[in-house]
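Here the structure comes first, spelled out in structure tokens, and everything after it is commentary.
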Amino acid sequence: MWKDIGDREMGKIRPNSFSSRIKSNRISNLQLSNNKDIVSPHRGSINSLQVDLTEGRYLLSGASDASAAVFDIQRATNYEGDGLIAKHKCLFSVDKQHQKGHKYAISSAIWYPVDTGLFVTGSYDHHIKVWDTNTTQVVMNFKMPGKVYRTAMSTLATSHMLIAAGTEDVQVRLCDISSGAFAHTLSGHRVYMVYKVPVIMYYMVFMVADGVMTVEWSTSSEWVLITGGCDGAIRFWDIRRAGCFLVLDQSQSQLGQRPPVLARSAANKVSVSKSLSAGQNLLVKSRVPQKKYANGHGMKQSTIARMPSKGSARQRLHPGMLSIQDRATAHYGAVTGLKVTDDGMYLLSAGSDSRIKLWDLESGYNTLVNFGKVRLQASKAIQLAVSQDSAQVFVPCMAVVKAFDVWSGKMSLTFRGHYESVNCCWFSSQDQELYTGGNDRQILVWSPSKTITDDTNGRQAKDEDSWSD
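For the sequence shown, the residue numbers in UniProt numbering are 1 to 469.
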């Protein structure tokens with residue numbers, strides 16, 4: 001570290017490179033925090049966690065006892081252990097005792113992306129509620145057709161205030177906060193198959209939970225929504241149009257790094273010119289890359305469209321509408337988790353088949369990064385987290401959380417601390433801290449190792465200096 005500081009002073013390292021090195025070093029040293037403790041008021045499993053995107057100060061949690069709580073993770077409530085352990089109690093919580101609270105488990109709790117004045121909760125009681133943080137009152141209520149598995153709002157949106165909801169129903173619904181009504185529904189996911197296993201004299205029927213288990217907005221476009229269903233499909237939607245425009249297919253793979261941008265664009269120009277000269281009409285949907293800024297970090301917009309197919313076959317505007325491509329699957333089982341990298345170039349998915357996959361969003365191909373077979377929960381959605389530089393992905397794997405290198409698939413860290421299965425992760429890019437919640441009703445904080453002994457030694461040295469001979 002001191003060498004990097006010296007190189008930075010000499011101008012050998014650029015400021016952004018120096019900052020990235022420091023943050024990467026802090027992430028590699030994550031361990032169970034011994035100086036920050038979240039005092040959980042929940043009496044059920046923690047299903048959702050999120051730190052607000054504006055200040056990076058308030059942690060929102062949702063639990064299966066139908067309660068939601070907000071914590072101030074920057075200012076401690078009190079201190080213990082000679083002032084070394086900061087206790088963070090909830091600022092407030094809403095539960096079943098609230099007049100308009102949820103009746104059953106809260107499966108998703110998210111902040112309003114613009115400020116901390118509102119937060120949204122989705123529950124198994126078939127309701128999505130929008131809460132006023134200052135008054136802790138429900139200001140809007142959406143009745144859904146089934147259990148709510150996951151909710152999401154776009155962090156880039158400037159033209160809409162939509163809540164995407166994945167429920168027991170195969171249709172994805174968009175709830176409009178500005179009008180208090182449903183904007184429209186997205187139809188495409190299918191009912192999960194029912195398996196009949198022959199047993200002596202009768203058939204035993206097995207059926208997994210149905211619907212859309214996870215939803216995620218693109219980090220490069222406010223109009224693109226990604227959904228993962230129990231049918232094993234991952235679909236991309238342009239919410240301004242009907243029908244999905246892309247369905248990920250696990251059989252379509254691409255090895256190695258992307259070709260250089262200039263070489264790829266030149267190759268595309270040559271292929272298009274040849275096609276036009278041969279009298280072929282290619283309908284190619286493209287978008288000019290732009291720079292987007294969210295949370296103070298610059299992000300380059302990526303193209304989320306399928307590349308033109310080879311041969312003389314005509315490329316349709318919505319390949320997801322084709323019968324063959326429309327039935328493609330990304331996992332052998334339900335899709336239980338989705339996470340888009342901050343640059344909007346890649347997508348990470350987790351499924352009930354105990355597989356994690358990395359997808360190139362420009363081509364829609366599976367990159368075939370081998371994360372190995374991990375133990376994942378299959379009966380409920382899990383919340384993945386990605387580091388700020390998108391180099392590490394944090395995955396709840398039963399009672400532990402594992403960190404994988406996104407590009408190689410190698411496991412770099414294992415976090416052991418929960419006594420039961422872990423359901424959710426959230427990585428705070430401001431402090432490089434990881435927050436996890438599980439069925440043991442605990443919210444654990446994983447932070448870079450801090451030399452508390454140095455502080456103690458410093459105090460002792462100060463006391464020794466005050467003594468007189």
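Ideal placement from N, C-alpha and C gives every residue a C-beta, glycine not left out.
- For T185, the number of other beta carbons within 10 angstroms of its own is below 16, and it is reported as exposed.
- With a threshold of 16 other beta carbon atoms within 10 Å, Y419 falls short and is exposed.
- By the beta-carbon neighbour count (other beta carbons within 10 angstroms, threshold 16), L84 is exposed.
- In the DSSP assignment, N141 falls within the beta strand (DSSP E) that extends over Q137 to K143.
- The beta carbon of Q171 sits closer than 7 Å to those of T185, L186 and S187, all from its chain and outside the five residues before and after it, given in chain order.
- From the listed residues A391, V191 and Y104, the smallest Cα separation to A334 is found for V191.
- A direct Cα-Cα distance of roughly 24 Å separates D440 from Q432.
- When the beta-carbon positions are compared, I38 and Y346 stay at least 9 Å from each other.
- Boundaries for A76: no beta strand (DSSP E) harbours it, and the DSSP string shows neither H nor E there.
- Here the C-alpha atom of G81 lies approximately 21 Å from the C-alpha atom of F71.
- Residue environment: F92 is assigned as exposed (fewer than 16 neighbouring CB atoms within 10 Å of its CB, all protein chains considered).
- Contact check for Q383 and S48: beta-carbon distance about 6 Å, within the 8 Å limit, so the pair qualifies.
- By the criterion of a C-beta distance shorter than 8 Å, K87 is surrounded in its chain by D37, V39, A76, T77, N78, Y79 and E80, once the five residues flanking it on both sides are discounted.
- DSSP, reduced to helix, strand and coil, places K23 within a helical segment of the structure shown.
- Listed in chain order, the non-local C-beta contacts of I27 below 7 Å within the same chain comprise S387, Q392 and Q432, local neighbours out to five positions each way being set aside.
- The bridge partners DSSP lists for M398 come to none.
- Checking the DSSP bridge columns, you'll see T151 partnered with A165.
- Per the C-alpha coordinates, the member of S379, A165 and G409 positioned closest to L368 is G409.
- DSSP links A109 through a beta bridge to T121.
- For C424, the enclosing beta strand (DSSP E) stretches over residues V422 to S428.
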